[in-house]
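Position one of the sequence shown corresponds to residue 97 (the numbering used here), numbered consecutively onward. The C-beta atom is built at its ideal place from N, Cα and C for all residues, glycine as well. Notes for the one structure printed next.
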Amino acid sequence: MAMPEKHILIVEDEVALREMLAFGLQRAGYRVTESGDCAAARAAIADSRPDLLLLDWMLPDMSGLEFARALRRDDATRELPIIMLTARAAEDDKVSGLQSGADDYITKPFSARELAARIEALLRRSGDHEEKLIAGAIEMNTVNHRVAIAGKEIALGPTEYRLLKFFMTHPERVFSRSQLLDRVWSGVYVEERTVDVHIRRLRRVLEDHACEHYVETVRGSGYRFSPQAQSNGR
Ligand code: CA
């Protein structure tokens with residue numbers, strides 16, 4: 097479910113891809129502006145402050161990375177949510193993409209569903225609604241730490257709570273065990289199989305409410321939280 101009237105600026109020089117993205121986002125209820133390079137994007141940002149930037153990595157006048165860095169240095173755009181579009185899957189690029197100040201990145205080719213989920217999650221994180229997270233049937237209040245599924249309150253241990261919160265703010269994306277350790281257990285030394293233990297506990301709680309399929313195992317890679325996934329009737 098898209099938040100209507102949010103304004104997204106797409107900075108992408110491949111016309112066909114840009115038009116496809118614009119079409120999909122408009123259909124999802126967003127207002128969309130398009131730019132083919134950083135100079136045009138700069139003018140568009142000054143003109144009408146967008147709520148979120150979809151920024152391609154490879155652009156004709158300046159790299160998306162440099163542009164993101166420049167936006168972060170400017171007080172007017174320091175907080176502007178940015179998702180980098182990249183054709184490069186190398187780990188180094190992802191890291192430098194985030195260091196440049198992008199909030200998230202998505203590697204081409206990506207599905208419309210994946211992109212929509214990232215945009216919604218980022219807008220939610222950066223907006224005024226972050227005290228309440230919603231994913232599928234799950235509702236989380238991050239102020240009083242109450243979690244409900246289909247309106248019924250559920251009890252979670254502190255680690256399961258943090259894990260679920262992380263998943264709900266980063267949907268439709270695969271995380272390895274070590275990435276989850278970094279992001280959810282930050283700094284505390286635990287073994288990778290600890291992740292599996294807590295995933296299992298989280299799933300058991302979700303199972304009571306027929307939502308265990310939200311937490312998908314991606315073989316050889318890790319886990320993905322996919323609240324739009326269909327139950328396969330297990
Ligand atoms: Ca490009």
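Closer than 8 Å: residue i CB and nearest ligand 1 heavy atom
{"i": "Glu392", "result": "Examination of residue 392 is not possible in this model, given that the chain is present from 97 through 330 alone."}
{"i": "Leu150", "result": "no"}
{"i": "Asp157", "result": "no"}
{"i": "Asp170", "result": "no"}
{"i": "Asp292", "result": "no"}
{"i": "Pro154", "result": "What sits at residue 154 in the sequence shown is Met, not Pro. Within the cutoff, so yes."}
{"i": "Glu110", "result": "yes"}
Length of the line joining the Cα atoms of residue i and residue j
{"i": "Leu276", "j": "Gly316", "result": "15 Å"}
{"i": "Ile295", "j": "Met158", "result": "42 Å"}
{"i": "Ala166", "j": "Leu181", "result": "17 Å"}
{"i": "His225", "j": "Thr173", "result": "Annotation note: pLDDT 49 at His225 (below 50); position unreliable, no value reported."}
{"i": "Ile202", "j": "Ser196", "result": "15 Å"}
{"i": "Glu308", "j": "Thr265", "result": "17 Å"}
{"i": "Asp147", "j": "Arg138", "result": "14 Å"}
{"i": "Asp170", "j": "Lys204", "result": "28 Å"}
{"i": "Asp152", "j": "Ser144", "result": "20 Å"}
{"i": "Leu117", "j": "Ile215", "result": "12 Å"}
{"i": "Arg168", "j": "Glu303", "result": "42 Å"}
Residues bridged to residue i (per DSSP)
{"i": "Met236", "result": "Leu229, Val243"}
{"i": "Thr265", "result": "In the DSSP output, where bridge partners are listed per residue, Thr265 has none listed."}
Inter-residue CB distance, residue i and residue j (contact presumed, cutoff 8 Å)
{"i": "Asp199", "j": "Leu155", "result": "At roughly 18 Å, the Cβ-Cβ gap does not stay under 8 Å, so Asp199 and Leu155 are not in contact."}
{"i": "Arg220", "j": "Gln324", "result": "About 15 Å separates the two Cβ atoms, so there is no contact after all."}
{"i": "Asn237", "j": "Lys228", "result": "6 Å"}
Could you name each continuous alpha helix (DSSP H) segment of 4 residues or more that falls completely within the region 117 to 173, going from the start of the chain to the end? 134 to 143, 160 to 169
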